[in-house]
Amino acid sequence: SHSGWSLAAMSIAQIRYRLFPALNTLRYLRSLHITYSPERQQTTVARRMIMHLTSDSVKSKYPGLDTTWEMLGYSAPAMVEMEFADGERQRVPLEHFSRDEMQAVVDAWQLQGEYEYYPILGMEPGAKG
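So the sequence shown is numbered by this note's numbering: it starts at 50 and just counts up by one.
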């Protein structure tokens, strides 16, 4: 009877249930133009988007999508300009933290919180112990 349970659990685990299907925005776009400046700190999202959109898999899946990018020689926030199939254009800022950058900020906050929580131990930032 134990093996029956494992088979049932395995078949349930293999069923993929999606309440909300993935929204594929690229299908509704005519063109994308991404700009970013390497002088700015928070460009990871823009660079990853460029790598994804210029990949062979995306190009073959969306042959009508015109994707271009530009590396700026001056300091300006990362932006994406989208043109929809109906001709409407929209500019969206891309300059925000990536998941890894947010985790680094949270880790620094947690470390500072640990220093503040244990003042009796004499632990201070930069102190040699």
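Note that CB positions come from ideal geometry on N, CA and C, so glycine has one too.
- ALA157 and MET120 have their alpha carbons spaced roughly 30 Å apart.
- Here LEU81 is not near VAL141, since their CB atoms are 8 Å or more apart.
- Sixteen is the threshold: since fewer than 16 other Cβ atoms of the shown chains lie within 10 Å of the Cβ of THR103, the residue is exposed.
- A straight-line Cα-Cα distance of about 15 Å links SER106 and ARG97.
- By the CB criterion at 8 Å, LEU78 and LEU114 fall inside the cutoff.
- In the three-state DSSP reduction, TYR85 falls in the strand class (E or B).
- Exclusion of the five residues before and after GLU88 leaves SER124 as the residues of its chain whose Cβ lies within less than 7 Å of its Cβ.
- GLN91 and PRO112 have their C-alpha atoms roughly 30 Å apart.
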